[in-house]
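Residue numbers (our numbering), protein chains in the order written: chain A, 39 to 342; chain B, 39 to 342. Note that beta-carbon positions come from the ideal geometry of N, C-alpha and C, so glycine has one too. Predicted model, so just to flag it, every value in this text is computed and none were measured. Before any comments, here is the structure.
2 protein chains.
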Amino acid sequence: MVSLPPLVAGIELGGTKIVCLLARGPDAIEDRVQFPTTRPDETLALIERTLDGWGRFDALGIGSFGPISIDRGAADYGHITKTPKPHWAGTDVAKRLAARYAVPTGFHTDVVGAALAEARWGAARGLPDVAYVTVGTGIGVGLIAGGLPVDGLTHSEFGHIRPDRLPGDDWLGLCPFHGSCLEGLAAGPAIGARAGRKGEEIAADDPVWEPVAHVLGQLCHTLVLTGVPRRIVMGGGVMVGNDHLFARVRAAMVRSLAGYIALPEVAEPAFVVPPALGGNAGPLGAIVLGAQAWEQHQQSFTAF
Amino acid sequence: MVSLPPLVAGIELGGTKIVCLLARGPDAIEDRVQFPTTRPDETLALIERTLDGWGRFDALGIGSFGPISIDRGAADYGHITKTPKPHWAGTDVAKRLAARYAVPTGFHTDVVGAALAEARWGAARGLPDVAYVTVGTGIGVGLIAGGLPVDGLTHSEFGHIRPDRLPGDDWLGLCPFHGSCLEGLAAGPAIGARAGRKGEEIAADDPVWEPVAHVLGQLCHTLVLTGVPRRIVMGGGVMVGNDHLFARVRAAMVRSLAGYIALPEVAEPAFVVPPALGGNAGPLGAIVLGAQAWEQHQQSFTAF
Numbered sequence: 039m040v041s042l043p044p045l046v047a048g049i050e051l052g053g054t055k056i057v058c059l060l061a062r063g064p065d066a067i068e069d070r071v072q073f074p075t076t077r078p079d080e081t082l083a084l085i086e087r088t089l090d091g092w093g094r095f096d097a098l099g100i101g102s103f104g105p106i107s108i109d110r111g112a113a114d115y116g117h118i119t120k121t122p123k124p125h126w127a128g129t130d131v132a133k134r135l136a137a138r139y140a141v142p143t144g145f146h147t148d149v150v151g152a153a154l155a156e157a158r159w160g161a162a163r164g165l166p167d168v169a170y171v172t173v174g175t176g177i178g179v180g181l182i183a184g185g186l187p188v189d190g191l192t193h194s195e196f197g198h199i200r201p202d203r204l205p206g207d208d209w210l211g212l213c214p215f216h217g218s219c220l221e222g223l224a225a226g227p228a229i230g231a232r233a234g235r236k237g238e239e240i241a242a243d244d245p246v247w248e249p250v251a252h253v254l255g256q257l258c259h260t261l262v263l264t265g266v267p268r269r270i271v272m273g274g275g276v277m278v279g280n281d282h283l284f285a286r287v288r289a290a291m292v293r294s295l296a297g298y299i300a301l302p303e304v305a306e307p308a309f310v311v312p313p314a315l316g317g318n319a320g321p322l323g324a325i326v327l328g329a330q331a332w333e334q335h336q337q338s339f340t341a342f
Numbered sequence: 039m040v041s042l043p044p045l046v047a048g049i050e051l052g053g054t055k056i057v058c059l060l061a062r063g064p065d066a067i068e069d070r071v072q073f074p075t076t077r078p079d080e081t082l083a084l085i086e087r088t089l090d091g092w093g094r095f096d097a098l099g100i101g102s103f104g105p106i107s108i109d110r111g112a113a114d115y116g117h118i119t120k121t122p123k124p125h126w127a128g129t130d131v132a133k134r135l136a137a138r139y140a141v142p143t144g145f146h147t148d149v150v151g152a153a154l155a156e157a158r159w160g161a162a163r164g165l166p167d168v169a170y171v172t173v174g175t176g177i178g179v180g181l182i183a184g185g186l187p188v189d190g191l192t193h194s195e196f197g198h199i200r201p202d203r204l205p206g207d208d209w210l211g212l213c214p215f216h217g218s219c220l221e222g223l224a225a226g227p228a229i230g231a232r233a234g235r236k237g238e239e240i241a242a243d244d245p246v247w248e249p250v251a252h253v254l255g256q257l258c259h260t261l262v263l264t265g266v267p268r269r270i271v272m273g274g275g276v277m278v279g280n281d282h283l284f285a286r287v288r289a290a291m292v293r294s295l296a297g298y299i300a301l302p303e304v305a306e307p308a309f310v311v312p313p314a315l316g317g318n319a320g321p322l323g324a325i326v327l328g329a330q331a332w333e334q335h336q337q338s339f340t341a342f
């Protein structure tokens, strides 16, 4: 018996906007509601009003900006933890909504959601093992192995690795914690600061891209060494606006691996690709997170 | 009903020696046989003679030196792939033995095996999310999330990340692929070459340890950023012979993270610890690999 996928209320909780999606998948979207992220009480009330209006759904999925607590054993599970975003640090999101709707609830980072969506319906369709990288205001990575998020104590923070640098490159970087970690060197604000102008005014042949491609290549080198991804999907404002980066980042990765990982997949152009779902990756990722929570709940019953 | 764990034939396939263990766990070892690793045909025949002699067992587990193919969809699944070890490149290990004994068979790297054993019975007992690092002739990492190996396209190769260096440290390193990757800087041969004498002759206050601790701290920094480990177990000849390294590596990691990952677990001394199982981690890891293959096989039946 092939059964219908569950009807999921998906919430993409972003730093600037919220997208609520009632769907079974990209071809079965029943409603989409979007509003700006303001104070937590106001925003969560708006989410609840939206979901209340939808009536019944089978599961709830939430892909959130971070850092968040995803450790089900921890007292603060379901909370946004120590964000600099005013008023949001310590806000309970997932416990509150799970209690209100009493359905299986998935809660993870927005990038893990995007990775799941790209793996199910997008640029990494059909691949069980995928990395999704966003390079925008910050740098985040969602890693999926065997169709499920890779996590444990917390969610991944690969944006803060300290990468190898090009010889002579000693620019200090912008990360308030690490200076020249990956995010401090290659996120949008860092590129703009280094070039001395806005991102959209930096030409493809500007020398600022060379060190940026090198350190993004270092991220891909590190992701390959996790053993996990069969494809790396790279999105976010910096990648989407600068197609030339894909070939450069791939080349930097291959140069850095230096033949050590001899698998043919890694050398193919299709190993590092742009996303396919665009602005829908986030809310569709929340749908997958909800669907996975629902599947795990079903399995926990059939096991008896 | 609490059932007896399966009786597993475990094989630790090392570069210099083989250990075959017939056991249900560390307190239920029925036999242990050890012999040197020679040519593949000779070595595999000896393994088969040993296992034939044991008669019946429920599952088979193999923890092998690498690189190996663990991708069940690949044509070379179960093979040792491109090792420099004479005669062993391209040797089928797991398919041959699985076919001979017709029992559920687990096959992974020796370090993943050691990680599973330390997580089940050793220094990370009871923790579902663990990293095991060996620093010896080479550097290898086994990463376990939710009790299972983290992998995908292949197994992890974190020993070959390119770490941040101490200011002014430009020693070229020994890795034939990468020069100054982690293994090229901090494995036993690299430390010996840099110090100009044998490892056992290098005192704890020798200046050579400073850059070594720094780059091993970078490995721990990167492992923390995967989001996975609740504890990092560090073994292998370099760590076991140099207790002073643990505090230094921990300090280098904490300094490098610079407060970004604010979870209390990460700051505790117990976050980076020596192994507890010693020389038995490898063969006991093979027992866990076999037991997990057996459990997955059981589940695939109860699902119908």
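The stretch 295-306 of chain B / the stretch 130-146 of chain B touching (three or more Cβ pairs under 8 angstroms): In short, these stretches do not touch, since the Cβ pair count stays below three.
Other residues of its chain near alanine 331(B): CB distance less than 6 angstroms, five sequence neighbours each side excluded: By one-based count along the second sequence, residue 331(B) stands at place 293. So the list reads Ala97, Pro142, Thr143 and Gly144, once near-sequence residues are dropped.
Contact check, isoleucine 240(A) vs alanine 61(A), beta carbons under 8 angstroms: The residue you call residue 240(A) lines up with position 202 of the first sequence. The residue you call residue 61(A) lines up with position 23 of the first sequence. Not closer than 8 angstroms, so no.
Chain B residues whose Cβ lies nearer than 7 angstroms to that of alanine 368(A): Nothing about residue 368(A) can be reported from this structure: the residues present for chain A run from 39 to 342 only.
Beta strand (DSSP E) segment containing histidine 146(B), residue limits: Numbered from 1 along the second sequence, position 108 holds the residue referred to as residue 146(B). The continuous beta strand (DSSP E) containing histidine 146(B) extends over residues 143-147.
Opening and closing residue of the beta strand (DSSP E) in which glutamate 239(A) lies: Residue mapping note: residue 239(A) aligns to position 201 of the first sequence, counting from 1. It is not in any beta strand (DSSP E) - glutamate 239(A) carries neither H nor E in the DSSP assignment.
Boundaries (first-last residue) of the beta strand (DSSP E) holding tyrosine 170(B): Residue 170(B) sits at position 132 when you count from the first residue of the second sequence. Per DSSP, tyrosine 170(B) is one residue of the beta strand (DSSP E) stretching across 168-173.
Closest residue to histidine 198(B) among Val57(A), Val46(A), Ala329(A) and Leu295(A) (Cα-Cα distance): The residue labelled residue 198(B) in the question sits at position 160 within the second sequence. Nearest to histidine 198(B) by C-alpha distance, out of Val57(A), Val46(A), Ala329(A) and Leu295(A), is Leu295(A).
Chain A contact residues for serine 294(B), given Cβ-Cβ distances below 7 angstroms: Here residue 294(B) refers to the residue found at position 256 of the second sequence. When 7 angstroms is used as the limit between beta carbons, serine 294(B) is near these residues of chain A: Arg200, in chain order.
Contacts of valine 266(B) in chain A (Cβ-Cβ under 9 angstroms): Along the second sequence, read from residue 1 onward, the residue named residue 266(B) stands at position 228. Ordered by position in chain A, the residues that pass the 9 angstroms Cβ test against valine 266(B) are Val188, Asp189, Gly190, Leu191, Thr192 and Ser194.
Neighbour flag for leucine 263(B) against chain A, beta carbons, 8 angstroms: In the second sequence, residue 263(B) corresponds to position 225, counting from 1. Answer yes: the Cβ-Cβ gap between leucine 263(B) and chain A drops below 8 angstroms somewhere.
Whether glycine 328(B) touches glycine 48(B) by CB criterion (8 angstroms): What you label residue 328(B) is simply residue 290 of the second sequence in a count that begins at 1. What you label residue 48(B) is simply residue 10 of the second sequence in a count that begins at 1. In this structure, glycine 48(B) lies closer than 8 angstroms to glycine 328(B) by Cβ.
Bounding residues of the beta strand (DSSP E) (the contiguous stretch that carries leucine 60(A)): Within the first sequence, residue 60(A) is the residue found at index 22, counting from 1. The continuous beta strand (DSSP E) containing leucine 60(A) extends over residues 55-63.
Residue interval of the alpha helix (DSSP H) (run including isoleucine 85(B)): Taking the second sequence and counting its residues from 1, one reaches residue 85(B) at position 47. Unbroken alpha helix (DSSP H) run through isoleucine 85(B): 78-92.
Neighbourhood of alanine 66(A) by C-beta, 7 angstroms cutoff - its chain only, sequence neighbours within 5 removed: Taking the first sequence and counting its residues from 1, one reaches residue 66(A) at position 28. None.
First through last residue of the beta strand (DSSP E) which encompasses alanine 97(B): Against the second sequence, residue 97(B) aligns to sequence position 59. Its beta strand (DSSP E) spans residues 97-102.
Alpha-carbon spacing of glycine 317(A) relative to threonine 192(B), whole angstroms: On the first sequence, residue 317(A) is found 279 positions in, with the first residue counted as 1. On the second sequence, residue 192(B) is found 154 positions in, with the first residue counted as 1. Cα-Cα distance, rounded: 31 angstroms.
For valine 179(A), the three-state DSSP class (helix, strand or coil): Working through the first sequence from its first residue, we reach residue 179(A) at position 141. Three-state DSSP puts valine 179(A) in a strand.
9 angstroms Cβ cut-off: residues of chain A touching glycine 297(B): Position 259 of the second sequence, counting from 1, holds the residue named residue 297(B). Those within 9 angstroms of glycine 297(B) in chain A are Phe215.
Threonine 175(A) at chain B interface by Cβ criterion, 8 angstroms: To locate residue 175(A), count along the first sequence from 1; it is residue 137. So, not an interface residue.
Environment of phenylalanine 342(B) [buried if 16+ CB atoms lie within 10 Å]: The residue given as residue 342(B) occupies position 304 in the second sequence. Caution is warranted here: a pLDDT of 45 is assigned to phenylalanine 342(B), below 50, making its placement in the model unreliable, and the coordinate value is therefore given only provisionally. Under this definition phenylalanine 342(B) is an exposed residue.
Contact list for glutamate 303(B) against chain A, beta-carbon separation under 8 angstroms: For the purposes of this step, residue 303(B) is identified with residue 265 of the second sequence, where counting begins at 1. Leu191, listed in chain order.
Outcome for leucine 42(A) when other beta-carbon atoms lying within 10 angstroms are tallied against a minimum of 16: Reading the first sequence from its first residue, position 4 is the one you call residue 42(A). Exposed.
Beta-carbon neighbours of aspartate 167(B), restricted to chain A and to distances below 9 angstroms: Along the second sequence, read from residue 1 onward, the residue named residue 167(B) stands at position 129. Here the neighbours are Asp189, Gly190 and Leu191.
Backbone CA spacing between glycine 217(A) and glutamate 303(B) [nearest angstrom]: Counting from 1 along the first sequence, the entry for residue 217(A) is found at position 179. Counting from 1 along the second sequence, the entry for residue 303(B) is found at position 265. Using only the alpha carbons, I get a separation of about 24 angstroms.
Segment contact flag, the stretch 200-208 of chain A with the stretch 276-288 of chain A, C-beta cutoff 8 angstroms, min 3 pairs: Three or more beta-carbon pairs separated by less than 8 angstroms are not found between the stretch 200-208 of chain A and the stretch 276-288 of chain A, which leaves the two stretches without contact.
The stretch 214-230 of chain A in contact with the stretch 241-254 of chain A per 3-pair CB rule at 8 angstroms: Under the three-pair Cβ rule at 8 angstroms, the stretch 214-230 of chain A counts as touching the stretch 241-254 of chain A.
Closer than 8 angstroms to chain B by CB, glutamine 334(A): As a working note, residue 334(A) is residue 296 in the first sequence. Under the Cβ distance rule, glutamine 334(A) does not count among the residues neighbouring chain B, no pair being separated by less than 8 angstroms.
CB contact flag (aspartate 167(B), glycine 190(A), <8 angstroms): Counting from 1 along the second sequence, the entry for residue 167(B) is found at position 129. Counting from 1 along the first sequence, the entry for residue 190(A) is found at position 152. Result yes, Cβ atoms of aspartate 167(B) and glycine 190(A) sit closer than 8 angstroms.
Straight-line Cα distance separating glycine 104(B) from threonine 147(B): Stepping through the second sequence from its first residue, residue 147(B) is reached at position 109. Stepping through the second sequence from its first residue, residue 104(B) is reached at position 66. Rounded to the nearest whole angstrom, the CA to CA distance from threonine 147(B) to glycine 104(B) is 6 angstroms.
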